[in-house]
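Beneath this line is the structure, given in structure tokens, with notes to follow.
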Amino acid sequence: MTTAEMTVTRDRAEPGAAVLEARHVTKEFVVRGNPFTRRGRRVVHAVDDVSLVLYAGRITALVGESGSGKSTFARLLAALHPLTGGEVVYRGEVVDAKGGKRFRDHVSRVQLILQDPFGSFNPVATIARTLLRAVRIHHKAASPAQRRSIIEDLLAQVSLRPAAQFTRKYPHELSGGQLQRISIARALAADPDVFLADEPVSSLDVSIRLGVLNLLRRLTEERRVALLYVTHDIASARYFAADTAVMYAGQLVEHGDSEQVTQNAAHPYTQLLIASAPDPSRAVENRVRDIGQPPSLIDPPSGCRFHPRCPFAMARCSEEAPPKFAVDDGQWARCWLYADDDEAAAGRAQNADLYGRGEIRRAGRPVPDGEL
Ligand SMILES: Nc1ncnc2c1ncn2[C@@H]1O[C@H](COP(=O)(O)OP(=O)(O)OP(=O)(O)O)[C@@H](O)[C@H]1O
Ligand SMILES: [Mg+2]
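Each residue of the sequence shown is one higher than the one before, starting from 505 at the first, in my numbering.
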């Protein structure tokens with residue numbers, strides 16, 4: 505058996521096929537107060553009714569501010585937290601986080617890549633030992649010689665050559681970028697279908713971020729992995745991801761083609777994120793500077809959770825949560841500005857004016873509740 509045969513052991517999903525789906529996923533954390541009186545007991549509404557599909561060979565960005573629920577959502581997809589509501593579906597089957605074979609399969613096929621590579625390695629184990637552990641779990645039948653060659657192959661896949669230069673080292677002897685590549689190699693040992701990369705380059709030096717992102721992109725394409733790219737940085741989503749989903753206070757507020765979402769954002773929150781991101785190439789003068797504070801997830805605002813910060817808020821925004829409105833090909837926004845009435849039309853005109861856009865958007869088509 506060659507190394508290639510050992511490492512590619514499973515059937516691959518067709519490019520573009522749905523691999524992992526969140527259907528109306530909700531997560532509430534109960535923060536216990538006094539155990540006797542229950543005083544101080546609080547419920548954190550971290551993720552609320554989020555639906556998202558990840559496709560083979562495709563990168564989807566999940567963008568939002570700190571505390572918006574991105575990491576919690578990634579952990580729900582990885583079945584590391586039980587759900588409060590909704591379901592996670594892997595290749596057409598509902599995942600049960602209570603254990604069993606399907607759960608163990610899920611945990612190996614859906615791999616998390618975390619922000620801080622230093623924190624995810626045993627500091628007193630060599631890289632060889634760390635990788636060997638992962639290879640042992642996923643290639644039980646391989647002989648010691650085969651395992652060594654699998655490790656070499658994994659390191660080559662993340663462009664760390666020659667392997668001997670890395671296997672004998674300890675984590676502290678490597679740079680953050682090298683270590684992040686090794687954590688990707690470790691994830692590859694499981695022959696995953698899905699990568700959930702939670703801020704994979706945020707802790708790395710700016711000069712090496714692009715190299716790690718390009719590596720993730722190459723692996724996504726070559727191995728037809730579905731990749732969720734969690735980030736604060738909406739500008740990098742445009743460069744890196746095919747689709748972008750925007751999360752605000754535990755809910756998705758906009759979704760669509762990355763180019764469309766970043767260049768022609770429909771939701772006032774997405775517009776605010778873009779206006780406040782440093783981007784020297786932006787032609788329109790940055791007119792929005794104070795973007796305000798995210799709301800409490802213990803007692804979230806009524807109606808649209810963004811209404812207290814929204815420059816275009818109307819009376820209904822504090823009363824009723826907006827549905828999804830399809831605003832363009834494959835792009836939707838959860839915002840009352842896209843309702844088909846005069847007040848919303850005036851809001852859209854004001855919106856175009858604030859951002860110096862010549863063209864005023866039209867009303868959107870409400871997306872029926874059943875559609876994801
Ligand atoms: N285990 C937990 N128990 C209680 N609350 C939690 C727990 N994990 C997360 N939270 C809360 O859920 C909310 C969402 O947190 P989460 O870490 O998912 O946000 P995030 O978007 O990843 O933020 P960041 O960009 O800072 O990483 C926060 O209010 C957080 O305090
Ligand atoms: Mg996070």
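Each residue gets a CB set at the ideal place from its N, CA and C atoms; glycine is no exception.
Residue 449: CB within 7 Å of a non-hydrogen atom of ligand 1: Given that the chain is displayed from residue 505 to residue 876, the structure contains no residue 449 and the question cannot be resolved.
Any heavy atom of ligand 2 closer than 7 Å to the CB of residue 575? Within the sequence shown, numbered from 1, the residue matching residue 575 stands at position 71. Result yes, Cβ under 7 Å from ligand 2.
Taking residue 772 as the reference, give the member of 634, 812, 676 with the closest Cα. Taking the first residue of the sequence shown as position 1, residue 772 is located at position 268. Comparing Cα-Cα distances from residue 772 to each of 634, 812, 676, the minimum goes to 812.
Residue 540 versus residue 548: straight-line alpha-carbon distance, rounded:
Counting from one through the sequence shown, the residue named residue 540 turns up at place 36. Counting from one through the sequence shown, the residue named residue 548 turns up at place 44. Cα-Cα distance, rounded: 20 Å.
Exercise. Going along the chain, which unbroken runs of the alpha helix (DSSP H) with 4 or more residues stay wholly within the stretch 694-732?
Worked result: 710-727
* To do: Compute the distance between the beta-carbons of residue 695 and residue 610, then report whether it is under 8 Å.
  => For this step, residue 695 is matched to residue 191 along the sequence shown. For this step, residue 610 is matched to residue 106 along the sequence shown. No.
Item checked: Distance between residue 572 and residue 845 (C-alpha atoms, nearest Å) -> Counting from 1 along the sequence shown, the entry for residue 845 is found at position 341. Counting from 1 along the sequence shown, the entry for residue 572 is found at position 68. For residue 845 and residue 572, the distance between alpha carbons rounds to 30 Å.
- Task: Starting from the Cα of residue 517, find the closest Cα among 724, 857, 863, 810 and give me that residue.
- Result: As a working note, residue 517 is residue 13 in the sequence shown. Among 724, 857, 863, 810, the Cα nearest to that of residue 517 is on 724.
*asked:* I need the straight-line Cα distance from residue 679 to residue 707, nearest angstrom please.
replied: As a working mapping, residue 679 is identified with position 175 in the sequence shown. As a working mapping, residue 707 is identified with position 203 in the sequence shown. About 11 Å.
Hey, residue 839 and residue 826: beta-carbon distance below 8 Å or not? Residue numbering aside, residue 839 sits at position 335 when the sequence shown is read from its first letter. Residue numbering aside, residue 826 sits at position 322 when the sequence shown is read from its first letter. Their beta carbons are under 8 Å apart, which means residue 839 touches residue 826 by this criterion.
(message) With a threshold of 6 Å on Cβ separation, who are the neighbours of residue 598 within its own chain once the five nearest residues in sequence on each side are excluded?
(response) For the purposes of this step, residue 598 is identified with residue 94 of the sequence shown, where counting begins at 1. Within the same chain, residue 598 has close Cβ partners 591.
- Under three-state DSSP, which class holds residue 656? Taking the sequence shown and counting its residues from 1, one reaches residue 656 at position 152. Reduced to three states, the DSSP call for residue 656 is helix.
Confirm the yes/no value for this check: CB of residue 553, any heavy atom of ligand 2, distance under 7 Å.
As a position in the sequence shown, residue 553 is number 49, starting the count at 1. It does not: the Cβ of residue 553 is nowhere closer than 7 Å to a heavy atom of ligand 2.
Exercise for review: Could you pull the start and end residues of the alpha helix (DSSP H) that residue 632 belongs to?
Suggested key: Residue numbering aside, residue 632 sits at position 128 when the sequence shown is read from its first letter. First-last of the alpha helix (DSSP H) with residue 632: 631-642.
Tell me the start and end of each unbroken alpha helix (DSSP H) in the stretch 555-581 that is at least 4 residues and wholly inside, in chain order.
574-581
Fill in: beta-carbon residue 702 near ligand 2 non-hydrogen atom, thresh 7 Å
Within the sequence shown, the letter at position 198 stands for residue 702. Yes; taking the cut-off as 7 Å, the Cβ of residue 702 has a heavy atom of ligand 2 nearer than that.
inquiry  = Please state whether the Cβ-Cβ distance between residue 692 and residue 661 is less than 8 Å.
reply    = The residue you call residue 692 lines up with position 188 of the sequence shown. The residue you call residue 661 lines up with position 157 of the sequence shown. Cβ atoms of residue 692 and residue 661: closer than 8 Å.
Beta-bridge partners of residue 870, as assigned by DSSP
Position 366 of the sequence shown, counting from 1, holds the residue named residue 870. Bridge partners of residue 870: 829.
Exercise. So residue 580 packs on residue 535, CB below 8 Å; how close in whole Å?
Worked result: By 1-based counting over the sequence shown, the position of residue 580 is 76. By 1-based counting over the sequence shown, the position of residue 535 is 31. At roughly 18 Å, the Cβ-Cβ gap does not stay under 8 Å, so residue 580 and residue 535 are not in contact.
### In DSSP terms, what residue 752 is bridged to
As a first step, residue 752 must be located in the sequence shown, where it is residue number 248. According to DSSP, which records beta bridges pairwise, residue 752 is partnered with 755.
Requested in this report: Please report the residue range of the beta strand (DSSP E) in which residue 535 lies.
Outcome: Indexing the sequence shown from 1 puts residue 535 at position 31. Segment 522-535, the beta strand (DSSP E) holding residue 535.
| request: Name, in chain order, the residues that DSSP records as bridge partners for residue 617. | output: As a first step, residue 617 is located in the sequence shown; it is residue number 113 there, counting from the start. Residue 617 is bridged to 701.
Please confirm whether any heavy atom of ligand 1 lies closer than 7 Å to the CB of residue 548. Position 44 of the sequence shown, counted from the start, is the residue given in the question as residue 548. Under cutoff, so the answer is yes.
Just to check, is the beta-carbon of residue 644 closer than 7 Å to a non-hydrogen atom of ligand 3?
This structure does not include ligand 3; its bound ligands are ligand 1 and ligand 2.
Starting from the C-beta of residue 543, find all residues in its chain whose C-beta is less than 8 Å away, skip the five residues before and the five after it, and write them out in chain order.
To locate residue 543, count along the sequence shown from 1; it is residue 39. Cβ neighbours of residue 543 beyond the five flanking positions: 537.
Return helix, strand or coil for residue 594, following the three-state DSSP convention.
If you number the sequence shown from 1, residue 594 lands on position 90. In this structure, residue 594 counts as strand in the three-state DSSP scheme.
Going by alpha carbons, who is nearest to residue 769 out of 729, 533, 567, 550?
For this step, residue 769 is matched to residue 265 along the sequence shown. With distances taken between Cα atoms, residue 769 lies closest to 567.
*Given that a residue counts as buried once 16 or more other Cβ atoms are within 10 Å of its Cβ, and exposed if not, what is residue 698?*
The residue labelled residue 698 in the question sits at position 194 within the sequence shown. Under this definition residue 698 is a buried residue.
For residue 820 and residue 752, believed in contact at Cβ under 8 Å, the rounded distance
What you label residue 752 is simply residue 248 of the sequence shown in a count that begins at 1. What you label residue 820 is simply residue 316 of the sequence shown in a count that begins at 1. Their Cβ separation, rounded to whole angstroms, is 18 Å, which puts residue 752 and residue 820 out of contact at 8 Å.
CB-CB under 7 Å to residue 787, same chain, minus the five flanking residues each way: which ones, in chain order? As a first step, residue 787 must be located in the sequence shown, where it is residue number 283. Its pLDDT being 47, under 50, residue 787 is placed unreliably in this model, and the value from its coordinates should be taken loosely. Excluding residues within five positions, none has a Cβ falling inside 7 Å.
Review point. What is the C-beta distance between residue 618 and residue 612, in whole angstroms, given that I count them as a contact (C-beta under 8 Å)?
Key: Residue 618 sits at position 114 when you count from the first residue of the sequence shown. Residue 612 sits at position 108 when you count from the first residue of the sequence shown. The pair is not a contact, with the Cβ atoms about 17 Å apart (cut-off 8 Å).
If you draw a straight line from the alpha carbon of residue 777 to that of residue 837, how long is it in whole angstroms? Your numbering for residue 777 matches position 273 in the sequence shown. Your numbering for residue 837 matches position 333 in the sequence shown. When rounded, the distance between both Cα atoms is 15 Å.
- Query: Taking residue 713 as the reference, which of 523, 744, 583 has the closest Cα?
  - Reply: As a working note, residue 713 is residue 209 in the sequence shown. Among 523, 744, 583, the Cα nearest to that of residue 713 is on 744.
Please indicate yes or no: does the CB of residue 810 lie closer than 7 Å to some heavy atom of ligand 1? Here residue 810 is taken as the residue at index 306 of the sequence shown, counted from 1. No, the beta carbon of residue 810 sits no closer than 7 Å to any heavy atom of ligand 1.
State buried or exposed for residue 605, treating a residue as buried only when at least 16 other CB atoms are found within 10 Å of its CB.
Sequence index remark: in the sequence shown, residue 605 carries index 101 (1-based). Exposed, by the Cβ-count rule.
* For residue 703, is the classification buried or exposed, using 16 other Cβ atoms within 10 angstroms of its Cβ as the cut-off for buried? -> As a working mapping, residue 703 is identified with position 199 in the sequence shown. Residue 703 is buried by the Cβ-count criterion.
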